[in-house]
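For reference, the structure discussed in these notes is given below.
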Amino acid sequence: MKLKVKGFLLLMVMGLGLTLFAGCSGANAKTADGEKVLTIAFPSTVTTLDVSNGDGATMLKEVAGVIETLVSVDSDFILHPSLAKEWERTGETTWVFKLRDDVTFHDGTKFNAEAVKWCIERSLVENTSLAKTTGIASVDVIDDYTVQFNTSVNTGDLPEALTNVGTAIVAKSSVNDKGEFVTAVGTGYFKQDSFDVSSGKFECVPYDKYWQKVDSNVTRRVVLSLSDSSTRSLSAQNGEVDIATDVPFSDLETLSNKDGVNVEKFNTARTYFFSYNLNKDYLKDVNVRKALIYAVNKKDIVNDLLLGVGSVPKGIFLETMPWANTNVDTYEYDAQKAGSLLDAAGVKDTDGDGFRDYNGQKISMNIITSSRRPGNSLIVQAVAGYFANLGIEANVQVLDGNAFTEAQKSGNFDMVLSSAATGYVPSASYYLSTYYHSGSSNAKQINYSNPELDKLVDACKATSNMEEKYTLSKQAQVLAQNDVAVYTIANYGAVFVLSDDVENFSYSAAVHDFIVPNETSLK
Amino acid sequence: MIKYIIKRILIVFIVLWMVATLTFFTVHVTPGDTANAIIVSVYGEDAVSPETLENVRAKFDLKRPVFTQYTDWLGNVVTGELGTSYKYNKPVIDILKIRLPNTLILGFSAFLISLIISIPFGILSALNHNRPIDHFSRFSTLLLSSFPSFWIALLLIIIFSIQLKVLPVSGMAGFTSIILPAVTLSIGMTAVTTRMLRSSMLDVLGQDYITVARAKGLEDNQVIFGHALRNAIPPIITVIGLQIGHIIGGAVIIENIFAWPGIGGLLIDSINTKDLPMIEGCVLIIAFGYAIVNLIVDITYSCIDPRIKYSGGDN
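Same order as they appear, the protein sequences are chains F and H. Heads up, the first sequence is in the numbering used here, so the first residue is 1264 and it goes up one at a time. Heads up, the second sequence is in the numbering used here, so the first residue is 384 and it goes up one at a time.
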């Protein structure tokens, strides 16, 4: 029986060769057909372009540059006119916004007060969180280019809230007769060219009637939905994407040594923070809480654990935020002081087993966190180690999103590590009222209440005088930091992998995710 | 035969009902608030608050007792209505119509690659029993089937996308983008099919009728393809049917790594966001596909080997 092994192997090799040839011939080209194509990896799967959807609106506004809000915020957290020229507070719950009259939507229709009313009121219905975030109850048209916002609460934060992606304005033609959102017809520098709902791939091209002058040579932006962090990293290494973020920490060294890409680290306005469960008797003592913070070496956590992706906090807020108070106690690492404070609070090893007790009972802490953020599990494990050095047993639970929420609700924890965007609404009061105010769900869960702090936060939210707002916020931060019921352990960092070809990209911490400026170009 | 097929189709529906029911209650007993999961996935984690949780529960009618939700859902499924996805805010069936063809393309490509490699290798290996090509075939199939598919995926990406730069890392854009996911998905199936075919061929080649065929002076090709392979195929058909399950299971991981927009990735995403209508839709489609393929396998059996007769569901 003669066998044609050689022939068979030859066929296999030829097949492989053909496949590779096909691969080469189909290689991606940034300048195909004379175009300058900027490809960006978006870290979530975009399933819809509806501006009432968080991922869709974030991608369209911050990454694609297709939609815009009435107010914009710069990287120093200062508000600027955008689609609105100016605004004025006319009452405790009323604001009047004057709109630009030189803006058109991508379908050629005029941007005006009717469009704003229609879009905001639609978003209030579709986005169940928008009314809470902004406080908007309704919108009235005063004239063609003037609208009045009526809020349900006394808030001085409306202009700040109107920078949020959920308030971006789209034309009526974005929605079909059935009320389904079909196309993102915005006012931005780029207009939608195509969207593949199957893969989440979005393409847009410059809009020639854009109301501002933009200096960029990019003729097309392609946004790819790449939810897997390893895939984003590999795509950046391969040159398939020009901008990628949130890559695995373990890839940083490889990426840094890779030709053709640059790795840049920035501080975001997101934080990692601990909340103590004040339902636990021993944690009701503020000195015990302080001791546990003194016991943790924040610098080592940021430098060694997070590989420098992030920074050691100088207070509750990122120091570049104009309302940040950095003259607060940050409880720098001091293990000896931690021990002394615990001894003084009666948390001592009374039975000689090497562990500290409280009221004759060994303390066994349960620290929970979610698996959602890359640093969470690393931080809680390190903190458990620091506590062990102090003679306190700590168990760590890293839970997925839903299990984490349930664990928080059950109250079966001593400390919880969370992550939140302090600039989700870039105002001096938003973060404090969401996580420190006794009416917030976080404060309720941990049974934290400081009436003086509540008063300051309420006043801060109500006023629209910026100087007064910042002063009140700074006072509230001192109280919050002294109470240490909620404590910021590290500022969240962002890693960007940028192709060598990318020019004029700048980072701003004052956005929900990350912004790719209209001016970003390619060599 | 027709009676048998009708009976099998009825069993398919019973299986689908059981799978769907099990999935429904499994999702409900897993910890986590559905309203919370919807807010995090649709509006972002910073939007969670008691007020928004209440709004979402009201919007999606989540306060109904679980059993009422189940009966309502089942009633809708019977009428062909799979519900509306919490995350997409669109009918589940519309999303599945978009995603399913992509998974079928990927699965079919993997299946084809697997057959193209495993059939020649299985035959060559059997015909060269205990020779170098047989050792190579056995060793390589054992090796490849031992590695987890996600590891192979990353390895292939590093070699072909990062080092050689000849294939894209991810996405679905043209012929080249399907090569890595399809090859990765096919590897486990190729290994099993090759080994099964080798074993089956060895068994058949030792039969008397093969000796008789050779004694009659038939050419090698006639003996191998006309007699040996035809009789070695039926066990392989069974394995291939079962391997469809492997392809579907593997697609869940592979689609995620390669950002391939099929129902595997959709299922993972839906589980993470507790998008129950979408989870049920994906599971029903997968279970339906698996049951139908195995029904086809059983029917194909009788066509390939007329000795096999069906009676009362047994063969």
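Each residue gets a CB set at the ideal place from its N, CA and C atoms; glycine is no exception.
Residues bridged to residue i [DSSP beta-bridge criterion]
i                             : result
glutamate 1582 of chain F     : Answer is none; glutamate 1582 of chain F lacks a bridge partner.
phenylalanine 1444 of chain F : F:Val1438
arginine 1636 of chain F      : According to DSSP, which records beta bridges pairwise, arginine 1636 of chain F is partnered with nothing at all.
glutamate 369 of chain H      : Lying outside 384 to 698, the shown extent of chain H, residue 369 of chain H is not represented and no answer is given.
glycine 1573 of chain F       : F:Tyr1755
glutamate 1351 of chain F     : F:Val1359
leucine 1662 of chain F       : F:Ser1633
alanine 674 of chain H        : DSSP, once it has assigned bridges, lists no residue as partnering alanine 674 of chain H.
asparagine 1588 of chain F    : Answer is none; asparagine 1588 of chain F lacks a bridge partner.
tyrosine 1621 of chain F      : F:Gln1624
serine 1457 of chain F        : F:Glu1466
leucine 405 of chain H        : The partner list for leucine 405 of chain H (beta bridge, DSSP) is empty, contrary to what the question assumes.
alanine 596 of chain H        : In the DSSP output, where bridge partners are listed per residue, alanine 596 of chain H has none listed.
alanine 1657 of chain F       : F:Met1628
Closest residue to residue i among the options (Cα-Cα distance)
i                          : options                                    : result
isoleucine 1564 of chain F : F:Asp1459, F:Ile1752, F:Asn1652            : F:Ile1752
alanine 1340 of chain F    : F:Val1468, F:Ile1330, F:Ser1574, F:Val1688 : Rather than alanine, the amino acid found at residue 1340 of chain F in this sequence is phenylalanine. Here the closest residue by C-alpha is F:Val1688.
valine 395 of chain H      : H:Thr576, H:Val461, H:Ala670, H:Tyr684     : H:Ala670
leucine 1604 of chain F    : F:Gly1615, F:Val1388, F:Leu1653            : F:Leu1653
valine 1659 of chain F     : F:Gln1644, F:Tyr1594, F:Gln1599, F:Tyr1649 : F:Gln1644
alanine 420 of chain H     : H:Phe443, H:Met572, H:Leu393, H:Phe608     : H:Phe443
aspartate 1318 of chain F  : H:Ser553, H:Val423, H:Leu465               : H:Val423
asparagine 1501 of chain F : F:Trp1350, F:Thr1685, F:Ala1304, F:Val1774 : F:Ala1304
valine 1591 of chain F     : F:Pro1576, F:Phe1618, F:Ala1725, F:Lys1324 : F:Pro1576
lysine 1528 of chain F     : F:Phe1536, F:Thr1534, F:Leu1515, F:Leu1568 : F:Leu1515
valine 1433 of chain F     : F:Lys1373, F:Asp1364, F:Phe1759, F:Leu1487 : F:Lys1373
Any chain F beta carbon closer than 8 Å to residue i
i                        : result
alanine 642 of chain H   : yes
serine 582 of chain H    : no
lysine 442 of chain H    : yes
lysine 599 of chain H    : no
glycine 589 of chain H   : no
valine 595 of chain H    : no
serine 497 of chain H    : no
aspartate 697 of chain H : Caution applies to aspartate 697 of chain H, whose pLDDT of 42 falls short of 50 and renders its modelled position unreliable; the value that the coordinates give is listed next. No, its Cβ sits nowhere closer than 8 Å to a Cβ of chain F.
C-beta neighbour in chain H for residue i, strict 8 Å
i                          : result
serine 1437 of chain F     : no
serine 1462 of chain F     : yes
asparagine 1390 of chain F : yes
alanine 1285 of chain F    : With a pLDDT of 45 at alanine 1285 of chain F, under the threshold of 50, the modelled position of that residue is not reliable, and the figure given next carries that caveat. With 8 Å as the cut-off, alanine 1285 of chain F counts as an interface residue toward chain H.
glycine 1442 of chain F    : no
asparagine 1487 of chain F : In the sequence as displayed, the identity of residue 1487 of chain F is leucine instead of asparagine. At least one chain H Cβ lies under 8 Å of leucine 1487 of chain F.
leucine 1497 of chain F    : yes
leucine 1281 of chain F    : Residue confidence for leucine 1281 of chain F is low, a pLDDT of 47 falling below 50, so the modelled location carries little weight; the figure read from the coordinates is stated next. Chain H contact via Cβ: absent.
glycine 1674 of chain F    : no
glutamate 1503 of chain F  : yes
asparagine 1413 of chain F : no
lysine 1395 of chain F     : yes
asparagine 1316 of chain F : yes
glycine 1289 of chain F    : Caution applies to glycine 1289 of chain F, whose pLDDT of 39 falls short of 50 and renders its modelled position unreliable; the value that the coordinates give is listed next. Interface residue, yes.
serine 1704 of chain F     : yes
glutamate 1669 of chain F  : yes
Whether or not the stretch 466-479 of chain H and the stretch 1306-1313 of chain F are in contact is what I'm after, with contact meaning three or more pairs of Cβ atoms, one per stretch, closer than 8 Å; do they touch? Touching, per the Cβ criterion.
3 or more residues per run - each beta strand (DSSP E) lying fully within the stretch 1291-1349 of chain F: Listed in chain order, they are 1300-1305, 1334-1336, 1342-1344.
Inter-stretch contact (C-beta, 8 Å, three-pair minimum) for the stretch 396-415 of chain H and the stretch 429-442 of chain H: no
Are the stretch 1461-1474 of chain F and the stretch 1352-1359 of chain F in contact at 8 Å, needing three or more beta carbon pairs? no
Going along the chain, which unbroken runs of the alpha helix (DSSP H) with 4 or more residues stay wholly within the stretch 422-486 of chain H? 433-442, 449-461
Could you tell me which uninterrupted beta strand (DSSP E) segments, each at least 3 residues in length, are contained entirely in the stretch 1459-1539 of chain F, listed from first to last along the chain? 1464-1469, 1483-1488, 1506-1508, 1524-1539
Okay, do the stretch 1737-1751 of chain F and the stretch 1698-1715 of chain F touch, 3+ Cβ pairs below 8 Å being the bar? Here the stretch 1737-1751 of chain F makes contact with the stretch 1698-1715 of chain F; the two share three or more CB pairs at distances below 8 Å.
The stretch 1663-1679 of chain F contacting the stretch 413-420 of chain H, beta-carbon criterion three pairs below 8 Å: yes
Check whether the stretch 535-553 of chain H touches the stretch 498-509 of chain H, counting contact only when three or more Cβ pairs, one atom from each stretch, lie closer than 8 Å. Contact fails: fewer than three Cβ-Cβ distances are below 8 Å.
Between the stretch 620-629 of chain H and the stretch 673-682 of chain H, do three or more beta carbon pairs fall short of 8 Å? The stretch 620-629 of chain H, when compared against the stretch 673-682 of chain H, does touch it at the 8 Å Cβ threshold.
Curious, which full-length alpha helix (DSSP H) runs of at least 4 residues does the stretch 1721-1772 of chain F contain? 1729-1746
Would you call the stretch 1347-1356 of chain F in contact with the stretch 1407-1427 of chain F, where contact means no fewer than 3 C-beta pairs closer than 8 Å? Yes, since at least three Cβ pairs between the stretch 1347-1356 of chain F and the stretch 1407-1427 of chain F fall closer than 8 Å, the two stretches touch.
Entirely within the stretch 1676-1700 of chain F and at least 3 residues each: give me those beta strand (DSSP E) ranges in chain order. 1678-1684
Check whether the stretch 1675-1686 of chain F and the stretch 1628-1635 of chain F touch, using three or more Cβ-Cβ pairs below 8 Å as the test. Segments in contact, yes.
Given 8 Å, three or more beta-carbon pairs between the stretch 1535-1547 of chain F and the stretch 1767-1774 of chain F: no
What are the uninterrupted segments assigned as alpha helix (DSSP H) that are 4 or more residues long and contained completely in the stretch 600-643 of chain H, given in chain order? 612-640
Run through the stretch 523-591 of chain H for me and flag every whole alpha helix (DSSP H) of 4 or more residues, listed as ranges in chain order. 532-539, 559-588
Which parts of the stretch 1544-1572 of chain F are runs of the alpha helix (DSSP H), unbroken and 4 residues or longer, counting only runs that do not cross its ends? 1549-1557
Which full runs of the alpha helix (DSSP H) of 4+ residues lie inside the stretch 1364-1423 of chain F, going along the chain? 1376-1389, 1393-1397
Touching or not, the stretch 1468-1484 of chain F and the stretch 1736-1744 of chain F, by the rule of three or more beta carbon pairs under 8 Å? no
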